[in-house]
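Sequences listed follow chains U and W, in order.
Numbering of the first sequence is given in my numbering, commencing with residue 1 and proceeding in unit increments.
Numbering of the second sequence is given in my numbering, commencing with residue 1001 and proceeding in unit increments.
Glycine included, each C-beta is placed from N, C-alpha and C at the ideal position.
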Amino acid sequence: AQSVTQPDIHITVSEGASLELRCNYSYGATPYLFWYVQSPGQGLQLLLKYFSGDTLVQGIKGFEAEFKRSQSSFNLRKPSVHWSDAAEYFCAVGADAGNNRKLIWGLGTSLAVNP
Amino acid sequence: DSGVTQTPKHLITATGQRVTLRCSPRSGDLSVYWYQQSLDQGLQFLIHYYNGEERAKGNILERFSAQQFPDLHSELNLSSLELGDSALYFCASSVGLGGSDQPQHFGDGTRLSIL
C-alpha cells in the first residue's frame, strides 16, 4: 500500500543552523513528491515538487529537497534556518489508482526554531 | 495568497447541529478537495470533486456530504455534529483532474468548534 512516513514528529533547531526533515515513501511506480509548509493559523503552502529529471529540487524560501530512489526518500533541507521557518512541514506523494488520483500525506513534522 | 477562499474562518456551534462550509477555488481550477485536520489524526483527505462530479472519497463520514456547483465553488455539509468533529477543515484546488502530478493550493481553512 502507498504510504508516506515522516519519522520526526518534532524538531528543534537553532536559528542559523542547517535543517533536514526526513520523508520516506512507499509507492510502486515513479512517485510525484511534494513538500508543503503550514504556518500557524494558515493553510498549507507548496514549497517544492519533484516530478522527474534532476533529483535535487529547489523550492521557495531557500528550501531544497533531494529524491533518492534507492532509499525511497525525499528529504527537505535548508542550509540556514530563520526564525520565520517555524511551522509544520508535510511531505506528500501523488498516487494513481485507476481513476482515483490523490495525494497521500505524511503526518507532518513540527519545526521549532530557537533564537 | 493562494487564491482559494474559504468561509467562514471560524464557526462555533453545538452538538447535533448542521453547518455548511464554503470554498471558492482559484480562478481556472476545476478540482476541489476537502481535508480535515485535527490534532490526533493529522491531515485527512475527505473528498475530491472535479468539474462538478465526485472523483474520490477518503475518510469522509456518512454524516458529511459535499457538492461542487456549476460555478465551481464547493460546499461541505456537516450534520449531526459531534464533539469529535471539532477540527480545521481545509479546501484545496488544482488545475485539472488533479492528484498525482498536480500541486494543490490550499485555503486558510475553517476552524469548527463544537461545544
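If you reduce the DSSP assignment to three classes, tell me which class LYS61(U) lands in. helix
Any idea if THR1015(W) is buried or exposed, counting beta-carbon neighbours within 10 angstroms, 16 or more meaning buried? exposed
Within this structure, are the beta carbons of VAL4(U) and CYS91(U) separated by less than 7 Å? yes
In three-state DSSP terms, what is LEU1083(W)? helix
From TYR1050(W), LEU1083(W) and GLY1058(W), residue whose alpha carbon lies closest to that of GLN1067(W): TYR1050(W)
Compute the Euclidean distance between the alpha carbons of PHE74(U) and GLY1042(W), then round it to the nearest angstrom. 20 Å
Here's the rule: buried if 16 or more other CB atoms are within 10 angstroms of the residue's CB, otherwise exposed. What is ARG1063(W)? exposed
Verify whether the separation of the beta carbon atoms of LEU1011(W) and VAL1004(W) is less than 7 Å. no
3-residue-minimum beta strand (DSSP E) runs that sit fully inside the stretch 27-52 of chain U, ordered along the chain: 32-38 and 44-50
Buried or exposed for THR1007(W), going by 16 or more other Cβ atoms inside 10 Å? exposed
Tell me which residues of the stretch 1052-1065 of chain W have at least one Cβ-Cβ distance to chain U shorter than 8 Å, keeping chain order. ARG1055, ALA1056 and GLY1058
Please list, in chain order, the chain U residues whose beta carbon lies closer than 8 Å to that of PRO1103(W). PHE34, LEU46 and LYS49
Using Cβ-Cβ distances below 9 Å, what residues of the stretch 102-115 of chain U are close to chain W? LYS102, LEU103, ILE104, TRP105, GLY106, LEU107 and GLY108
Going by DSSP, what residues sit across from ASN1059(W) in a beta bridge? According to DSSP, which records beta bridges pairwise, ASN1059(W) is partnered with nothing at all.
Length of the line joining the Cα atoms of LEU1112(W) and SER1086(W): 5 Å
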